[in-house]
Amino acid sequence: MERITSIQQLELLKNSLQKAKESGRNVVRVCLGPGCRAQGADKVAAAFRDTVRQQGLPVKIEPLIKETGCHGFCKEGPLVTLVPSGLFYSRVKPEDVEEIVEKTIKKQEVISRLLYSENGTSYRTANEIPFYKRQMKLASRNVGDIDPLNIEDAIANDAYQAAAKAFSSMSPDQVIKEVEISGLRGRGGAGFPTGRKWRSASNAVKKRPGPVYVVCNGDEGDPGAFMDCAIMEGDPHSVIEGMIIAAYALDARQGFIYVREEYPFAIRNLTIAMDQARSVGLLGKNIMGSGFDFDIRINRGAGAYVCGESTALFLSIEGKPGEPRAKYIRSVERGLWDRPTVLNNVETWANIPVIIEKGGEWFSKIGVPGSTGTKAFSLVGKVKNVGLVEVPMGVPLSTIVEEIGGGIPGKGAFKAVQTGGPSGGCIPYKLKDVSVDYDSLTKIGSIMGSGGMIVMDDKDCVVDVARYFLRFLEEESCGKCLPCRLGLEAMLEFLDNFTQGKGSLEDIEELKSLAKAVQDGALCALGGSAPNPMLTTLEYFREEYEAHIVDKRCPAGVCKALITYHIDPEACTGCGLCAGICPQSCITGEEKSPHKIVQNACNRCGLCMDLCKFSAITVS
Amino acid sequence: MKEIDTKKLINFSINGTPAQAKEGWTVLDTARNMGIHIPTLCHHEAVEPSGACRLCVVEARDGAWSKVVVSCMYPPYEGVEILTDSERVKNVRRWVLEMLLAQCPASREIKALAAEYGVKSTRFRIKNPEEQCMLCGLCVRVCAEVVGVQAISLGSRGVLKHVSTPYMVPNRACIACGSCVTVCPTGAMQARLDKVRGDVSQRTGHGFAH
Ligand SMILES: Cc1cc2nc3c(=O)[nH]c(=O)nc-3n(C[C@H](O)[C@H](O)[C@H](O)COP(=O)(O)O)c2cc1C
Ligand code: SF4
Ligand code: SF4
Ligand code: FES
Ligand code: FES
């Protein structure tokens with residue numbers, strides 16, 4: 001491809017690429033996002049290539065095989081979509097590929113077996129599926145659509161148009177103003193207004209002339225979260241373009257993207273995207289012939305959760321141990337190398353081009369006042385449709401979990417939803433209609449966080465859940481400050497006791513007081529927000545805590561010290577399956593007559609209950 | 001280094017008493033100047049503050065806004081009200097001290113400090129009854145920042161954190177100056193010095209540095 005030396009040239013290129021795209025050529029989009037990859041999507045893509053090559057199809061029919069990022073509906077993967085028909089095939093196996101080429105590509109026949117179906121209805125295209133219906137994709141607009149390794153494909157989908165618009169018709173100040181008007185708030189956790197952050201940085205450089213940096217936070221450490229991963233892998237250009245726009249607004253020359261080492265595909269796709277952008281003149285020296293220079297470097301994080309915290313992240317980029325430091329001076333004033341720095345999250349960056357292209361005003365009308373635009377969530381846990389969703393801010397929680405997510409796999413309602421990752425809060429079913437926006441979530445004790453959503457059902461014990469998140473944070477604590485290093489361990493001691501039926505009701509009050517000390521005393525937000533899951537579960541499920549402490553009972557049947565397994569003699573057929581698998585060999589009984597568990601030998605592994613075909617084993 | 005205008009004064013209050021700070025002073029500097037006592041552990045004039053122990057917390061109030069901050073690092077600003085003994089402050093201190101009794105039960109200094117604030121026993125698990133160190137990192141900082149030799153470091157992270165020598169062997173970089181012992185608030189370094197510097201009598205060469 002030729003180097004782009006002017007804004008008009010980018011426009012011409014885009015037009016010609018779009019025309020080629022609209023020519024009606026067959027395209028097969030194979031999702032190679034993290035979920036589908038795990039289910040063997042790479043073999044499906046390879047099978048398509050082989051089959052198409054072997055068959056030597058006529059040019060008019062021969063499809064372009066496109067490997068894309070996550071389509072969102074990971075649970076149904078590997079996913080394949082066909083253009084122009086829009087057909088959406090789910091759970092595609094390499095063995096299905098020949099049939100797809102024979103029937104669908106050559107003869108336009110639909111293979112109904114591969115269509116997604118739900119409650120007896122099957123759906124031909126993605127848009128009709130309930131999972132996609134309530135969604136709105138802004139940050140992930142091109143994820144799953146474009147081939148992230150092909151910049152032409154991105155350009156045909158409007159990549160770098162917003163940067164061109166900013167360069168050609170907006171002053172740096174106007175760019176910041178647009179972001180301010182949009183109401184965009186940081187998607188990485190704290191929800192700080194992005195425009196205000198940029199404005200402060202811009203003022204700080206005016207006061208202290210010298211270098212200024214823009215940084216992308218792609219550390220994404222929350223267990224179960226993969227929104228940022230999906231964007232970096234599926235549409236790296238949206239992040240790069242967002243950073244170019246900020247660089248123009250702040251007159252920055254150097255940017256950094258901090259990505260965790262565990263995301264090799266994100267690192268690869270970003271690297272290739274940046275190389276391609278550089279080689280066509282969209283990044284590096286003299287971008288689009290405008291005379292503006294800006295380049296980006298990737299830093300690999302060693303995978304410590306705390307390195308996602310801003311001050312630790314800066315130290316890590318500087319090559320020092322990633323330990324947070326006090327933030328009484330803000331990083332927009334003194335960040336990387338003590339210079340004004342703008343740090344934003346991956347999803348925040350991906351929103352910037354949309355705002356510049358369509359206007360801050362347009363963006364501000366999406367969502368609700370105070371929380372504008374959309375938010376991406378990764379929906380995991382006890383939910384039918386595990387996957388990546390993006391919805392306008394302000395939709396009710398139940399819409400996400402029940403309509404989009406399809407509710408819990410079994411019968412009944414969900415018990416609670418943990419939002420905001422390990423330092424977020426646990427929202428009970430009775431608050432299922434809460435509007436999912438920054439302020440409403442904060443009001444009920446949770447947080448938006450970066451967008452993890454973990455659904456729980458009645459087999460999840462809230463005391464155990466609180467303990468799980470606390471343990472995660474205890475292990476990730478950098479250990480610098482005492483309230484976090486010792487406080488999380490001390491809180492765990494309380495919770496460990498509770499799960500063993502020890503402790504007293506006064507201990508609950510003491511634990512709350514300790515939690516307050518940790519919130520107030522910890523140096524950074526890792527420690528400061530660590531008590532949230534415990535405090536919210538206590539607030540909304542106090543009776544479950546009391547059941548452990550007073551009645552020595554775990555209602556969800558999770559806490560091993562408080563449960564016993566029994567065999568219901570009525571239901572037991574004496575098949576003996578359980579006796580065969582019990583690692584303690586503590587199930588006895590004659591063939592064809594009810595079996596029994598020898599309680600003092602049982603170690604409560606639960607294997608028997610999982611195995612029994614007659615639901616004869618109960619836990620209490 | 002910060003450029004400091006020594007003539008400019010910042011007016012605020014500590015426990016309701018008017019206070020004046022010179023530019024560059026922290027709340028702790030100002031309080032000490034006024035003779036108001038705030039307990040500290042990881043702070044020492046000789047090294048940059050790190051804000052690790054959180055014992056020196058105070059509450060900063062500004063209208064309806066309030067936040068618990070560490071006085072050894074917090075720069076006061078015009079009009080802010082500082083409370084050194086509010087409920088929130090006392091709550092942080094009480095828990096930190098109780099947890100410290102479990103972390104370094106062998107430190108007489110910590111026991112005395114805790115008792116001063118009414119904390120006499122701990123309910124938490126004692127991992128090592130011999131432990132004296134609270135991992136404030138002062139010894140490491142003084143060695144690096146003042147002595148300039150980095151003979152000791154903080155290894156590992158989180159609950160596994162510990163003070164040691166690089167590679168866990170007695171360290172020839174140590175010049176046996178004893179600065180770490182002097183700054184250590186718990187008495188732990190006194191017991192460790194020999195591990196760090198090794199047997200001085202076995203050393204060859206000039207002085208301690210080689
Ligand atoms: C312990 C800890 C971990 C964090 N991890 C991340 C992360 O993985 N990704 C992220 O974008 N922000 C993370 N943050 C938030 C960042 O500190 C920072 O607020 C954010 O990157 C700013 O960007 P935003 O305004 O666009 O959200 C973390 C914060 C804390 C305290
Ligand atoms: S709160 Fe935890 S993670 Fe943050 S500085 Fe303190 S010890 Fe480190
Ligand atoms: S030895 Fe003393 S100075 Fe060093 S970290 Fe431990 S308590 Fe602090
Ligand atoms: S990875 Fe394919 S749909 Fe998410
Ligand atoms: S003395 Fe201030 S944090 Fe330790």
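Chains A and G, in that order, give the protein sequences.
Its first residue numbered 1, the first sequence is counted upward by one per residue in UniProt numbering.
Its first residue numbered 1, the second sequence is counted upward by one per residue in UniProt numbering.
We put the beta carbon where it would ideally sit given N, CA and C, even for glycine.
Best match in the options for proximity to residue i [C-alpha to C-alpha]
{"i": "VAL401/A", "options": "ALA201/A, SER435/A and ASN127/A", "result": "SER435/A"}
{"i": "ARG253/A", "options": "CYS229/A, VAL215/A and ASN142/A", "result": "VAL215/A"}
{"i": "ILE244/A", "options": "ASP275/A, PHE294/A, SER23/A and ASP42/A", "result": "PHE294/A"}
{"i": "LEU135/G", "options": "ALA31/G, PRO76/G, LEU101/G and LYS161/G", "result": "LYS161/G"}
{"i": "VAL465/A", "options": "ASP437/A, CYS484/A, ASN532/A and SER513/A", "result": "ASN532/A"}
{"i": "LEU101/G", "options": "PHE314/A, LEU482/A, TYR328/A and GLY221/A", "result": "LEU482/A"}
{"i": "ALA126/A", "options": "LEU82/A, GLU590/A, PHE88/A and GLU62/A", "result": "PHE88/A"}
{"i": "VAL598/A", "options": "GLN584/A, ASP610/A and GLU475/A", "result": "GLN584/A"}
{"i": "MET232/A", "options": "SER140/A, ALA159/A, PRO130/A and ARG53/A", "result": "SER140/A"}
{"i": "PRO369/A", "options": "LYS107/A, GLY406/A and ARG185/A", "result": "ARG185/A"}
{"i": "SER440/A", "options": "LYS459/A, THR121/A and GLY367/A", "result": "GLY367/A"}
{"i": "ASP496/A", "options": "LEU523/A, TYR545/A and MET453/A", "result": "TYR545/A"}
{"i": "THR442/A", "options": "VAL391/A, ARG25/A, MET456/A and GLN418/A", "result": "GLN418/A"}
{"i": "GLY178/G", "options": "ARG172/G, GLN190/G and THR186/G", "result": "GLN190/G"}
{"i": "PRO569/A", "options": "GLY195/A, SER593/A, GLY144/A and VAL212/A", "result": "SER593/A"}
{"i": "CYS104/G", "options": "GLY79/G, ILE14/G, SER121/G and VAL142/G", "result": "SER121/G"}
{"i": "GLY425/A", "options": "GLY410/A, GLY451/A and SER6/A", "result": "GLY451/A"}
{"i": "THR186/G", "options": "ASP85/G, ILE110/G, THR84/G and ARG125/G", "result": "ILE110/G"}
{"i": "LEU470/A", "options": "MET534/A, GLY410/A, LYS415/A and ILE408/A", "result": "MET534/A"}
{"i": "TYR438/A", "options": "GLN54/A, GLY410/A, LYS375/A and ALA413/A", "result": "LYS375/A"}
{"i": "residue 274/G", "options": "GLY16/G, PRO129/G and CYS180/G", "result": "Lying outside 1 to 210, the shown extent of chain G, residue 274/G is not represented and no answer is given."}
Cβ distance (whole Å) where residue i is taken to contact residue j below 8 Å
{"i": "ALA188/G", "j": "CYS133/G", "result": "4 Å"}
{"i": "GLY218/A", "j": "VAL383/A", "result": "The Cβ separation is near 25 Å, so there is no contact."}
{"i": "PRO340/A", "j": "VAL205/A", "result": "5 Å"}
{"i": "CYS56/G", "j": "HIS43/G", "result": "6 Å"}
{"i": "ILE355/A", "j": "GLN135/A", "result": "About 19 Å; that fails the 8 Å criterion."}
{"i": "ALA20/A", "j": "LEU32/A", "result": "No, ALA20/A and LEU32/A are not in contact; Cβ-Cβ is about 23 Å, not under 8 Å."}
{"i": "SER71/G", "j": "ALA31/G", "result": "7 Å"}
{"i": "LEU115/A", "j": "VAL28/A", "result": "About 16 Å separates the two Cβ atoms, so there is no contact after all."}
Classification of residue i by the beta-carbon crowding that lies within 10 angstroms, buried from 16 upward
{"i": "MET1/G", "result": "Interpretation of MET1/G is limited by its pLDDT of 42, a score under 50 that renders its predicted location unreliable; the figure taken from the coordinates is listed afterwards. Exposed, since its Cβ has fewer than 16 Cβ neighbours within 10 Å."}
{"i": "MET1/A", "result": "exposed"}
{"i": "GLY77/A", "result": "buried"}
{"i": "ILE564/A", "result": "The question names Ile, yet the displayed sequence has Thr at residue 564/A. When all chains shown are included, THR564/A counts as exposed."}
{"i": "ARG208/A", "result": "exposed"}
{"i": "ALA571/A", "result": "exposed"}
{"i": "PRO76/G", "result": "buried"}
{"i": "ALA209/G", "result": "Bear in mind that the predicted position of ALA209/G carries a pLDDT of just 40, short of 50, making it unreliable; the figure below should be weighed with that in mind. It is exposed - the Cβ of ALA209/G has fewer than 16 other Cβ atoms within 10 Å."}
{"i": "GLU59/G", "result": "buried"}
{"i": "GLU109/A", "result": "exposed"}
{"i": "VAL59/A", "result": "exposed"}
{"i": "ASP610/A", "result": "exposed"}
{"i": "VAL142/G", "result": "buried"}
{"i": "SER169/A", "result": "exposed"}
{"i": "ASP153/A", "result": "buried"}
{"i": "GLN519/A", "result": "buried"}
{"i": "ARG125/G", "result": "exposed"}
{"i": "VAL97/A", "result": "buried"}
{"i": "PRO34/A", "result": "buried"}
{"i": "TRP65/G", "result": "exposed"}
{"i": "THR121/A", "result": "exposed"}
{"i": "ASP236/A", "result": "For clarity, residue 236/A is Pro in the given sequence; the question names Asp instead. PRO236/A is buried by the Cβ-count criterion."}
Which ranges does the alpha helix (DSSP H) cover as unbroken runs of at least 4 residues, wholly within the stretch 199–283 of chain A, from first to last along the chain? Listed in chain order, they are 227–234, 236–250 and 264–279.
Which residues have their C-beta within less than 6 Å of a heavy atom of ligand 5, listed in chain order? Those residues, listed in chain order, are THR40/G, LEU41/G, CYS42/G, HIS43/G, GLY51/G, ALA52/G, CYS53/G, ARG54/G, LEU55/G, CYS56/G, VAL70/G and CYS72/G.
Residues passing the C-beta test against ligand 2 heavy atoms, cut-off 6 Å: Around ligand 2, the residues selected by a Cβ distance under 6 Å to any of its heavy atoms are VAL306/A, PRO324/A, SER477/A, CYS478/A, GLY479/A, LYS480/A, CYS481/A, CYS484/A, ARG485/A, ALA522/A, LEU523/A, CYS524/A, LEU526/A and GLY527/A, following chain order.
Residues passing the C-beta test against ligand 4 heavy atoms, cut-off 6 Å: Going down the chain, each residue whose beta-carbon is closer than 6 Å to a heavy atom of ligand 4 shows up: CYS31/A, GLY33/A, PRO34/A, GLY35/A, CYS36/A, CYS70/A, HIS71/A, GLY72/A, PHE73/A, CYS74/A, GLY77/A, LEU79/A, GLY387/A and LEU388/A.
So within the UniProt domain "4Fe-4S ferredoxin-type" (122–157) of chain G, which uninterrupted alpha helix (DSSP H) runs reach at least 4 residues, ignoring any that extend past its ends? Annotation note: the UniProt domain "4Fe-4S ferredoxin-type" (122–157) of chain G contains the following uninterrupted alpha helix (DSSP H) runs of length 4 or greater, listed N- to C-terminal: 138–142.
Unbroken beta strand (DSSP E) runs of length 3 or more, entirely within the stretch 29–92 of chain A: which are they? Within the stretch 29–92 of chain A, the beta strand (DSSP E) runs of at least 3 residues that lie entirely inside it are, in chain order, 64–68 and 80–83.
In chain order, what are the residue ranges of uninterrupted beta strand (DSSP E) at least 3 long that sit wholly in the stretch 94–136 of chain A? DSSP runs (the beta strand (DSSP E)) wholly in the stretch 94–136 of chain A: 116–118 and 121–123.
List, from N- to C-terminal side, the beta strand (DSSP E) runs of 3 residues or more that fit wholly inside the stretch 40–101 of chain G. As far as the stretch 40–101 of chain G is concerned, its whole beta strand (DSSP E) runs of at least 3 residues are 57–62, 65–70 and 81–83.
Fully enclosed by the stretch 349–437 of chain A, which alpha helix (DSSP H) runs are 4 residues long or longer? If we require 4 residues or more, the alpha helix (DSSP H) runs fully inside the stretch 349–437 of chain A come out as 360–364.
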